[in-house]
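All you need for our numbering is the position in the sequence shown, starting with 1, plus 414.
Ideal Cβ placement from N, Cα and C applies to all residues, glycine included.
Source: prediction; values computed, not measured.
Only one structure is covered here, and it is reproduced in the block below.
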Amino acid sequence: MSANATASSDGHTAKKCIPEYCFHAFDALYCSLLNADPITPTFVNDECPLFVTWNIRSSRGSSGYHLRGCIGSFEPQSLHKGLAEYALISAFRDSRFRQVEKKELPRLQCGVSLLVEFEDAESYLDWTVGVHGIYISFPHPSLLPLSSTSSVPSPLSSQQYLPSTRVSSKRQLTATYLPQVMPEQGWSKVEAIDSAIRKAGWDGKITEEVRRSIHLRRYQSAMAEATWDEYVAWREANGAEATL
Numbered sequence: 415m416s417a418n419a420t421a422s423s424d425g426h427t428a429k430k431c432i433p434e435y436c437f438h439a440f441d442a443l444y445c446s447l448l449n450a451d452p453i454t455p456t457f458v459n460d461e462c463p464l465f466v467t468w469n470i471r472s473s474r475g476s477s478g479y480h481l482r483g484c485i486g487s488f489e490p491q492s493l494h495k496g497l498a499e500y501a502l503i504s505a506f507r508d509s510r511f512r513q514v515e516k517k518e519l520p521r522l523q524c525g526v527s528l529l530v531e532f533e534d535a536e537s538y539l540d541w542t543v544g545v546h547g548i549y550i551s552f553p554h555p556s557l558l559p560l561s562s563t564s565s566v567p568s569p570l571s572s573q574q575y576l577p578s579t580r581v582s583s584k585r586q587l588t589a590t591y592l593p594q595v596m597p598e599q600g601w602s603k604v605e606a607i608d609s610a611i612r613k614a615g616w617d618g619k620i621t622e623e624v625r626r627s628i629h630l631r632r633y634q635s636a637m638a639e640a641t642w643d644e645y646v647a648w649r650e651a652n653g654a655e656a657t658l
């Protein structure tokens, strides 16, 4: 079980994430799958943008986890309701995966990320791997001027290269990666950006013009994680069973 908070640029922690948030998310999933009574949360019902991540071991004896579902909101959510809702949304409605089943519970790990320190970046390279998460938005590349086919990265500001073409908001593509994703994948900034462009739905050539058209918001996160066994111990300590 681990919990940590990312420090802001002035050295102060903006928000702390505690294991109880993960237990509450686990409880929502467990009670949904087994029709059990949930435990009323006792932590302060703050509001914060948040993501709930489910990871799973490939087998009961394996120590490694891989992604099973991850969905959240950039709008502030009340922690009591938001954690429970996004625990279920990420378990049942992440289109990349089939729905989580009861038999998988013992192999699950829950991660909660509280998103803090949002800032508009000066360019698509204006962020730090291992510190920031990224949220990118950009116009559909078919609407960009055909000035170059170069795919060589450039540190020049993205903002001054936004196209003058009027673009409907429906033609905007968006994607995000939480701060921990880039170090886990071993990505450089450009590799992360290019992967996010693909995630947003663009499958054509990624040119420097496409990268420069990006508006990037960087953010940090406070994180906590808990395993199924830790959740069971917590539920039993609160006077309830956690049987399958």
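(1) Expressed to the nearest angstrom, what Euclidean distance is found between the alpha-carbon atoms of residue 573 and residue 534?
(2) Taking three-plus beta-carbon pairs below 8 angstroms as touching, is the stretch 428-438 in contact with the stretch 519-529?
(3) CA-CA distance, residue 540 and residue 471?
(4) Thinking C-beta only, is residue 516 closer than 8 angstroms to residue 448?
(5) Taking only runs that begin and end inside the stretch 455-542, name each unbroken alpha helix (DSSP H) of 4 or more residues, in chain order.
(6) Using a Cβ-Cβ distance cut-off of 8 angstroms, determine whether residue 436 contacts chain D.
(7) Straight-line CA distance for residue 502 to residue 443?
(8) By DSSP's criteria, residue 551 is part of a beta bridge. Which residues make up the other side?
(9) Should residue 586 be labelled buried (16 or more other beta-carbon atoms within 10 Å of its own) or exposed?
(10) Once DSSP output is grouped into helix, strand and coil, what is the label at residue 634?
(11) At the level of alpha carbons, what is the spacing between residue 543 and residue 536?
(12) Please determine if the stretch 454-466 and the stretch 481-500 are in contact, where contact requires at least 3 C-beta pairs separated by less than 8 angstroms.
(13) DSSP state of residue 655, grouped into three classes?
Taking the definition as stated:
(1) Here residue 573 refers to the residue found at position 159 of the sequence shown. Here residue 534 refers to the residue found at position 120 of the sequence shown. With a pLDDT of 40 at residue 573, under the threshold of 50, the predicted position of this residue should be treated as unreliable, though the coordinate-derived value follows. Rounded to the nearest angstrom, the two C-alpha atoms are 11 angstroms apart.
(2) yes
(3) Here residue 540 corresponds to residue number 126 of the sequence shown, with the count starting at 1. Here residue 471 corresponds to residue number 57 of the sequence shown, with the count starting at 1. Going by the C-alpha atoms only, they are around 35 angstroms apart.
(4) If you number the sequence shown from 1, residue 448 lands on position 34. If you number the sequence shown from 1, residue 516 lands on position 102. Their beta carbons are under 8 angstroms apart, which means residue 448 touches residue 516 by this criterion.
(5) 493-506
(6) Structure shown: chain D not included; a single protein chain is present.
(7) In the sequence shown, counting from the first residue as 1, residue 502 sits at position 88. In the sequence shown, counting from the first residue as 1, residue 443 sits at position 29. When rounded, the distance between both Cα atoms is 6 angstroms.
(8) Here residue 551 refers to the residue found at position 137 when the sequence shown is read from its first residue. Paired residue(s): 588 and 629.
(9) Walking along the sequence shown from the start, residue 586 turns up at place 172. Its Cβ having fewer than 16 others within 10 Å, residue 586 is exposed.
(10) Position 220 of the sequence shown, counted from the start, is the residue given in the question as residue 634. It is a strand residue.
(11) Along the sequence shown, one-based indexing puts residue 543 at 129. Along the sequence shown, one-based indexing puts residue 536 at 122. Looking at the two C-alpha atoms, the distance is approximately 16 angstroms.
(12) yes
(13) As a first step, residue 655 is located in the sequence shown; it is residue number 241 there, counting from the start. Here residue 655 sits in coil by DSSP.
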